[in-house]
Structure formats: structure tokens, C-alpha cells
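Numbering (my numbering), first residue to last: 3 to 333.
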Amino acid sequence: MILNSRVVLAKFFAGITLVVLCVTSLAGHATTEDELWVMLQKAAVAARALSYEGIFVCQTGQQAKSVQITHLYDGRNEFARNVVLDGATREVLSQGSNLVIYNQKNEKIVIEKRRGQNMFPAILPMNFDSIRDNYEVHLSTEERVADRQARVLFLEPKDRLRYSYKFWIDSEYGLLLKSVRFNQRSEIIESIGFNRLSLMNSVALDWFTPKIDHKKNYVMEDEPVILPDGKLSVTWEIKELPAGYRKVDQMVRMVPGKPYPVMHMIFSDGLASVSLFIEPTNKSGKTKVALATTGSTSFYAGVNNGHLVTAVGEVPEATVVQIANAVIIGK
């Protein structure tokens, strides 16, 4: 069923009223650039505040997979179920920022618990301050995606420390219909877009459950052991992060197979993110500096004062190198 458009728009615009008021009160009449930023802000809200179901295709390099998504917002809480339709069985159920993943591994289904990730179409941040500082937005033409009219926007970085993006935003409801990420050579490194989409009228949650295969053995993955920061036997500090990036999370945890605690930090510019890991080096073997990129993900590992420092994220190589090298470890 398709929601009555007035009901959808009333709920949708309630979430962005403050954004529009801020823009119009400052400028009297929004400039073209301000209107484009508001359009992106609407897309961020719509992905979370609308109820919809459909199928989108995610392509990275030579690999492509189709994902069925069902998303519900009941006025207070978000519920979503993503089912990978190709290859091994994989389902992701999320309520707010809590995720439960059912992942097939050989003859068993491993149940994993995670904290929230920005999954399509909710990949845009709610706070655009950092984005506006580090990217420029441009309007292109209108195209059709999943049989819906969409406005096309380009998001281009002001430096070479992040990738550029192209977004297709639904002209009627503001939902992000398609996203393409480009590397510094303007090559497509990731494409995600709906090929079928409809808005929902029902608030029933009968779909919010995994599909159980009684022939499989279901096992719960051990949750990572989170330790106080003081458990890490090293003093460190971060200096001179790449422009626009800031630390958004930090934890010390025990990782299976490693005898020592690992420091894990996450840095973000509001759109791109990088994970940084600090741990003692393996004294039984030599640790080499490594730098590599696979698809949209860059990886860097180096030794710093007896510790292995690893940075990984969907950013250019220069960014992971700078973040890893920003770590100063005390003796």
C-alpha cells in the first residue's frame, strides 16, 4: 500500500522544519546552494522517518548483490530488516542503533550483535556542519530511478582526503534513491540504488523477524569484551588529524586470537569514516609497513614505538596514512 502523500509529507516535513527555518531566517530567501544542502538534509531525515520497502542493488568492483529492505518508523522508533538475496544467507535486523546479524557460515548461522551503522539509504548524516566545511554541492539534471523522478546532486570534496559522491534524491518524498561513490580518478568504486521501491501504510511488525532455517544450527557470536581505557599499557595521543576529521568513538577491547587489549578509535568527517587500531607488535615475527586499496576501502599498517598502528576506511590512501601517522605513542 502507498501512504497518503499528505500524511507522509506532514510527518516528513515535521523533522526538517527547523532546518528550513534556519536557512530562510538567515538569508530571507535561500540561495541555490543553501537549497541544495536543505535537499540533502531532507534526504537524511526521509531515510529514517518514512516507512518503505523495496530492493536495492549494491555493486563494488566486480561484485554485485541485491538486498531486500523493509523499513518502518512508527513516530518514535525505527525498525528495519535487510535480507541479502544473492549468495550465502544474511539478514540484518535493526531497531534504532542496535543491529542483530544472521550470517550463514558453513552449516551454521552465526548471530552477531552490533552497534548502529549507516546503511543505505540512511547514509547521509543528520548533522551537516562538517560536511559543508569539507564538501561542495552542485545540482545536475533530473533522472528516473526505480520508476521515480529524482534530482541529481554532486558532492565534491574540497581536498584529496575524501571521495566524491553522486546522489539521486526522490523529487516527491526526498528519499535517497541511488548513491554512487567516485575515486580521485573519477572512477566509480561503489554504486547502490533501488530498482523497486514503495512506501508502506501498515504499522504491523509481523515482518520484523528472521527467516529461520530449521536445518541449520544457530549460534550466538561471543560479544567483544570492552575494557576501561586504563587497561591499555601504553600512553598515546593524536595530533594533526586530516582536515575535517574528528574522533567520534573510542574503546579498548579484547580481540579473539590476540593476547593483548586493542585500542579502537573511529574518526569521521560526517560522511567518510576511518577505524584506527593500536596494539603491541608481534614479537615472534617481523611487522612490515603495508598500504593497499580494495574497492573503496584503504588499509595502512605501520610500526610506531613497538606498537602496530592500523588504519582502515572507505577513504583515499592519503587519509589512512595521515590518521595512522597522527598517533604519538609514549615510551
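Quick reminder that beta carbons are idealized off the backbone N, C-alpha and C, glycines included.
- Per the coordinates, the alpha-carbon of Glu-316 lies some 13 Å from the alpha-carbon of Leu-278.
- Less than 8 Å separates the beta-carbon of Val-322 from that of Tyr-302.
- The Cβ atoms of Leu-42 and Leu-163 do not sit closer than 8 Å to each other.
- In this model, Pro-261 and Met-128 are separated by some 39 Å (Cα to Cα).
- Positions of the beta strand (DSSP E) runs, each at least 3 residues long and wholly inside the region 122-204, are given as 137-147, 150-159, 166-172, 178-184 and 190-201 in order along the chain.
- Distance from the CA atom of Lys-218 to the CA atom of Asn-136, rounded to whole angstroms, is 48 Å.
- Note on geometry: alpha-carbon atoms of Arg-83 and Asp-76 lie some 15 Å from one another.
- The region 289-299 makes no contact with the region 268-278: fewer than 3 CB pairs, one atom from each, lie closer than 8 Å.
- With a contact defined as Cβ atoms closer than 8 Å, Phe-196 and Phe-81 miss out at about 19 Å.
- Straight through space, the alpha carbons of Arg-248 and Thr-283 are spaced by roughly 26 Å.
- Counting only residues of its own chain and dropping the five nearest sequence neighbours on each side, His-309 has a CB closer than 7 Å to the CB of Val-236, Ile-280, Glu-281, Pro-282, Thr-283 and Ile-331.
- Remark: C-beta atoms of Leu-87 and Ser-68 approach each other more closely than 8 Å.
- For the alpha helix (DSSP H) assignment, the region 253-288 encloses no uninterrupted run of at least 4 residues.
- Inclusion of Leu-155 and Leu-74 in the CB contact set at 8 Å is not warranted, their separation being larger than that value.
- The beta carbon of Asp-251 sits closer than 6 Å to the beta carbons of Ile-268 from its chain, once the five residues preceding and following it are set aside; these are given in chain order.
- In the three-state scheme derived from DSSP, where H, G and I count as helix and E and B as strand, Val-102 is classed as strand.
- In the three-state DSSP reduction, Glu-35 falls in the helix class (H, G or I).
- Secondary structure of Ala-46 (DSSP, three-state): helix.
- For Asn-306, the enclosing beta strand (DSSP E) covers residues 299-306.
- Shown here for Asp-131: same chain residues with a beta carbon closer than 8 Å to its own, the five before and five after excluded, namely Gly-272 in chain order.
- Going by DSSP, Thr-237 is part of no beta strand (DSSP E) at all; its letter is neither H nor E.
- Distance from the Cα of Ala-326 is smallest, within the candidate group Lys-241, Glu-144 and Lys-168, for Lys-241.
- A distance below 7 Å between beta-carbons, with the five flanking residues on each side excluded, links Asn-306 to the following residues of its chain, in chain order: Val-329 and Ile-331.
- Going by beta carbons, Leu-179 and Ile-190 fall outside the 8 Å limit.
- In the three-state DSSP reduction, Ile-330 falls in the strand class (E or B).
- Under the three-state reduction of DSSP, Ile-113 is assigned to strand.
- Boundaries for Glu-223: no beta strand (DSSP E) harbours it, and the DSSP string shows neither H nor E there.
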